[in-house]
Structure formats: structure tokens, C-alpha cells
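**Student:**
Protein chains: 2
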Amino acid sequence: MAQERAGEAGEPATGDVSDRVYAELLTRISEGEFAAGERLFEQALARQLGVSRTPVRDALKRLSAEGLVDTTPNKGAQVVSFTAEDTAALYELRAQFEPVACRLAVPRLGEEDLAELEDLDARMQAIVAGGHDPAELTGLNNAFHAIFVERCGNRHLAIALQALFRPAIVTRTFRQYDPRSLERSMQAHQQLVEAARAGDGEWAEAVMRSHILSTRHVTGHPGTPDD
Amino acid sequence: MAQERAGEAGEPATGDVSDRVYAELLTRISEGEFAAGERLFEQALARQLGVSRTPVRDALKRLSAEGLVDTTPNKGAQVVSFTAEDTAALYELRAQFEPVACRLAVPRLGEEDLAELEDLDARMQAIVAGGHDPAELTGLNNAFHAIFVERCGNRHLAIALQALFRPAIVTRTFRQYDPRSLERSMQAHQQLVEAARAGDGEWAEAVMRSHILSTRHVTGHPGTPDD
DNA sequence: CCCTGCCATGTTGCATGCAATCTTGCAGAG
DNA sequence: CTCTGCAAGATTGCATGCAACATGGCAGGG
């Protein structure tokens, strides 16, 4: 859900079933169904998803390349586990690089992208207004941020940035959502949409930077919202 | 040849044969044996390397995730081809980020790493002094730069940076080596080793930045040396 | 002569079988 | 009681068979 877009930015194109499995595993990881450090067995997943081991294997390899699972030669894959320092560093890097991607992307956004941003924003606000479902919100938020990364204009920068950002979906699950920060994030998203509509990359960059920084120092304790 | 280190930084660990195939394809691509845009057929490569299609498939997927080959759903993989703008942007990003990684890495380098840096530097100088073999030099240079990236202290930053840098090995093959820039690069490498020995991250950062920038503006024409 | 539709070939993608390796539990010696 | 060695189970990694899709050539019609 929300990751069902065929080609995000990297080279996701593999097969048909393979992509389904990948998407499934991705959402399961992001929704916290798999604990950090939990081993992922090919055969078990294959049975569960009603497919062969091959596409599962492919998906795990892909997740491994993206840094979402660790694989050891003859032992298989397990969900990454982060130390507090890792998480902090991750946010630090994000705060530095994502705004840049944002600035680069804004002038390149088409009407389609803008519409999607608005749609995602609206859906997130709807969730916040009603009953909170953190998992679903995480997915939408990822999609929201992904748009800027994907459209930054340089394939390899996009790949590199996604390598940085994707692991965050693992850490995020372990935090609660506090209403105050959440509201602030929603406002930031709205402002991002506005800046994007205005085609003002620098504005968007600034908003994105403050958006991320605002979540950084609360990292760990009371709970960061979706950034 | 220089890529034979088991685990670079990302999650390379797969199998035994699989890694061999990956390394082989990587060097072939970097040495320009495969033209840009050339299709890579699984079966053909499998026959050539005396293995099954499976490890070849794995290796191609890995290269795809790293942005070295493009894959289309039912068509397979082909070597990436860059526009001039892509290459320029790549160097731009490199100039921004690699020095940072370098600064972070230097304080973390152990005696072993320093020795390897010196060794690589020495071997590159030997090649320059004798008959030039650009291909071999490229491999050594990649290994040299990789050390800084790998030791930067953050796994995910390392992955992200490698996503940026690895594609450069494709573009580099298409340039000639001009003695003047080459000499300058060698000096930069030496200075990097010195800075690393001194544990001076900022110095190393500055050297690395100028090192990369010195190669940037000649990109395309007369030929950049190995950066 | 050019264009369109079909058919044959080739290639990828998925499923499955087998061997090598690692892990886990137990038995036996100290 | 603890530690070591072994053996059985389990899991990954590699090889191969089969079906689906894409590509290229050829024939037929305009």
C-alpha cells in the first residue's frame, strides 16, 4: 500500500511476482511485523506468500542491497538492527542531503507529481484527523518524501539518497507518535506542497530542512512523528 | 584484482560463486570490455564463466541495484550509458560528499588501513612510472578511494556514497589518461596518505576536495586521470 | 514498394531438485 | 556438573526444467 508504484527510482524492475514479494516484505518491515534482528527464512516466506523460493530470494537480495536486511553468506537474511548512534547519524545525514534533493526536484515536478503530493498530504491529514494508524501514515509519508528524492534529476543521487532514507522506515516503527510534533509535521508537509506548487526550490529546501531538524532532537524519546 | 576483498561495505555477502561472478562482471565493466548500452545475457555469461544462470542472475541484480546496469522487466540487463550531464552531476556530487566521508574516516583508520593505503599508492606510482595500464590503475584507485568510504563510520552513508561512486568506474574507461593530471593525482594520493597517517581529517578532506575538483573541469575532453 | 499481422526464435522469470554448510541437541568423557 | 565431540536436522546456495513475454523476420495485402 503506497509502495505499489512499479518503478520508484532505482532499478526495481525485476519480474512480476518478485516485485510483489518485495513490496510485501517492505511494508511488513516498515509496519514492524518483523522485529529487528529477526531472521527471514526463504522457504517460510515462500509458503506464506504462495510462491517459490526464487522470487523471495530476489526480494531479499534487493532488500539487502538497500540496507534493510543483513545477509550472512550461508545463514540468510535478518532485519537490520540499529544502535542509537546509527539512528542519530542517519537523521544527521538526512538533514544534510534530503533538502538538497528537494531543491533540485521542485523545479522538475510536473502537474502529476504535484497532484500526488497533494493527495498524499490530504490522506495523511485525514488519518491524523481521524483515528491514527501509524503504520499507514508511515507508508504515505515515505511516498511523500520519495517523490522529491525520485525527481531530483540525477538517478544516482536518487539511488544514494534512498540508500540513506529507506532504512529509516525500520527505525520509525519503534517510536510513538506524539500529537504535537505530528501536527507540526503536517504543517510542514502543507508548506512543502505550497512551495512545490510555487516552483520555489529554495523555499522547499528550507522547509524540508527545518522539517527534518525538528524531528531530530526528539529522536529516541517521546517519539518523533513521521518526518 | 583489487576487488577480491570479500566484503566491501554494503551487503555483498551472497554465496561463493555468486561473488566471483559479480567481481568478474564488475572488473569487465570497469575495464570497458562491455560497451555502454550492451546487453548482458544470462546464459551467455553463464557459459562463459562455467557456472549456472542463477549466480549470474544474482550478480546482475546486484549490479542493477548499484546502478551499474539497467534492467527492464522481461528484457534483461544492459550496461548503463551516461549523458554528459549525468557524468557532470556525478562528479559534482562526489566533490561534495566524498571529502566529508574522508574527514569522518581518517580518525577511524587503523594501522592496517594505513598500510593498505600506502601499498595501493605505491602500486599506482609504480604503474605510472612504468608502462601505463589504465585498467589496472582504475582498479587500484577504486580500492584506494573505497577505503575512505568504507571507514567513514556509518554503514548507510557508505552504501549511499558507493551508490554515487561506483558508476564512475563506467565513465572513466572512456577517457584517456594525460600524464600531467595523472601526476597531480598521484601527488594528491600521497598527500592523502600523509594526512591519514597524521590523523588529520580536515587536511585529508581538503586534499580530497581539491583532488576531485581538479579532475572535474577537464571531464569529457582531454581526459581526466583516475580521480 | 510499403505497411501490417503473424509466426518462430530467443530470453527472461518462476519453480523445483540436489549438494554444501551451518546450527542445534544430545551423548559421553573428564 | 561442565565441556567437548558428534550427528541429525535445517537452511542456504547452485543447477536445471518449464512457461510467459518480447523481439525479429517473413509473408500477405494495400
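Those protein sequences? They're chains A and B, same order as listed.
Read in order, the letters of the first sequence correspond to residues 127 to 353 in the numbering used here.
Read in order, the letters of the second sequence correspond to residues 127 to 353 in the numbering used here.
No residue lacks a Cβ here, since even glycine has one placed at the ideal position from N, Cα and C.
Since this is a predicted model, take the numbers as computed values, not measurements.
1) So, does the CB of leucine 339(B) fall closer than 7 Å to a CB anywhere in chain A?
2) Looking at chain B, is there any beta carbon in it that lies within less than 7 Å of the beta carbon of threonine 299(A)?
3) Of the choices Glu276(B), Ala221(B) and Ala191(B), whose alpha-carbon is the least far from that of alanine 332(B)?
4) I need the boundaries of the beta strand (DSSP E) containing valine 205(B), first residue and last residue.
5) Give a yes or no on whether 7 Å exceeds the smallest Cβ distance from leucine 219(A) to chain B.
6) So, is the C-beta of proline 293(A) closer than 7 Å to a C-beta in chain B?
7) Is there contact here, the segment 192-209 of chain B with the segment 162-180 of chain B, by at least three beta-carbon pairs under 8 Å?
8) Quick one: using the 10 Å Cβ neighbour count with 16 as the cut-off for buried, is lysine 187(B) buried or exposed?
9) Kindly list, in the order they appear in chain A, the residues whose Cβ is closer than 9 Å to that of leucine 263(B).
10) Any Cβ of chain B within less than 7 Å of the Cβ of asparagine 267(A)?
11) Taking only beta-carbon atoms, is leucine 283(B) less than 7 Å away from chain A?
12) Roughly how far, in whole angstroms, is the beta-carbon of glycine 265(A) from the beta-carbon of threonine 341(A), given that I think they are within contact range, below 8 Å?
13) Measuring CA to CA, which of Arg173(A), Ala255(A) and Pro233(A) is closest to glutamate 328(A)?
14) Quick one: which unbroken alpha helix (DSSP H) runs of 4-plus residues sit fully inside the segment 250-283 of chain B? Chain order, please.
15) Using C-beta distances below 7 Å, list every residue in its chain close to arginine 131(B), excluding the 5 sequence neighbours before and after it, in chain order.
16) Based on the DSSP secondary-structure assignment, which residues constitute the bridge partners of threonine 197(B)?
17) In its own chain, which residues sit with a C-beta less than 6 Å from the C-beta of glutamate 244(A), not counting the 5 before and 5 after it?
18) What's the gap between the Cα of alanine 324(B) and the Cα of glutamate 238(B)?
19) If you count every other CB in all the chains shown that lies within 10 Å of the CB of threonine 197(A), and 16 or more means buried, which is it?
20) Under 7 Å, do valine 147(A) and leucine 175(A) count as touching if we go by C-beta distance?
21) On the premise that methionine 334(A) lies in contact with methionine 224(A), defined as a C-beta separation below 8 Å, what is that separation, rounded to the nearest angstrom?
22) So alanine 227(A) and phenylalanine 274(A) are supposed to be a Cβ contact under 8 Å. How far apart are they, rounded?
23) Below 8 Å, can you find three or more Cβ-Cβ pairs linking the segment 281-289 of chain A to the segment 284-292 of chain B?
24) Which partner residues of leucine 394(B) appear in the DSSP bridge assignment?
25) Return the CA-CA distance between histidine 337(A) and serine 156(B), expressed in angstroms with no decimal places.
26) Just how far apart, CA to CA, sit isoleucine 253(B) and alanine 241(B)?
27) Anyone know if the C-beta pair for histidine 315(A) and leucine 216(B) falls short of 7 Å?
28) Measuring only between beta-carbons, confirm whether lysine 90(B) sits less than 7 Å from chain A.
29) Just the C-alpha distance for asparagine 200(B) and serine 307(A), rounded to the nearest angstrom, thanks.
30) For glycine 193(A), count neighbouring C-beta atoms within 10 Å of its own C-beta (all shown protein chains included) and say buried if the count is 16 or more, exposed if not.
**Tutor:** Considering the structure as presented:
1) no
2) The predicted position of threonine 299(A) is uncertain, since its pLDDT is 49 and thus under 50; no value can be drawn from it.
3) Ala221(B)
4) 202-205
5) With 7 Å as the cut-off, leucine 219(A) counts as an interface residue toward chain B.
6) yes
7) yes
8) Buried is the call here.
9) Ordered by position in chain A, no residue passes the 9 Å Cβ test against leucine 263(B), which lies about 23 Å from the chain.
10) Against chain B, the CB of asparagine 267(A) has no partner CB under 7 Å away; the residue lies outside that interface.
11) yes
12) The Cβ separation is near 17 Å, so there is no contact.
13) Pro233(A)
14) 260-276
15) Legend: pLDDT at arginine 131(B) = 37, less than 50; position of this residue unreliable, value from coordinates given subsequently. Nothing listed; no residue qualifies.
16) Ala203(B)
17) Val319
18) 15 Å
19) Burial of threonine 197(A) is indicated by the presence of at least 16 other C-beta atoms within 10 angstroms of its C-beta.
20) It is a contact, given that the beta carbons lie within the stated cut-off.
21) Before going on, a small fix: residue 224(A) reads as glutamate here, not methionine. Rounded, the Cβ-Cβ distance is 6 Å, consistent with contact.
22) 6 Å
23) yes
24) It is not possible to answer for residue 394(B), since the shown part of chain B is limited to 127 through 353.
25) Going from the Cα of histidine 337(A) to the Cα of serine 156(B) covers about 40 Å.
26) In a straight line, the C-alpha of isoleucine 253(B) is about 18 Å away from that of alanine 241(B).
27) No, these two residues do not count as a Cβ contact at 7 Å.
28) Look at the range of chain B in this structure, 127 to 353, and you will see that residue 90(B) is not part of it.
29) 45 Å
30) buried
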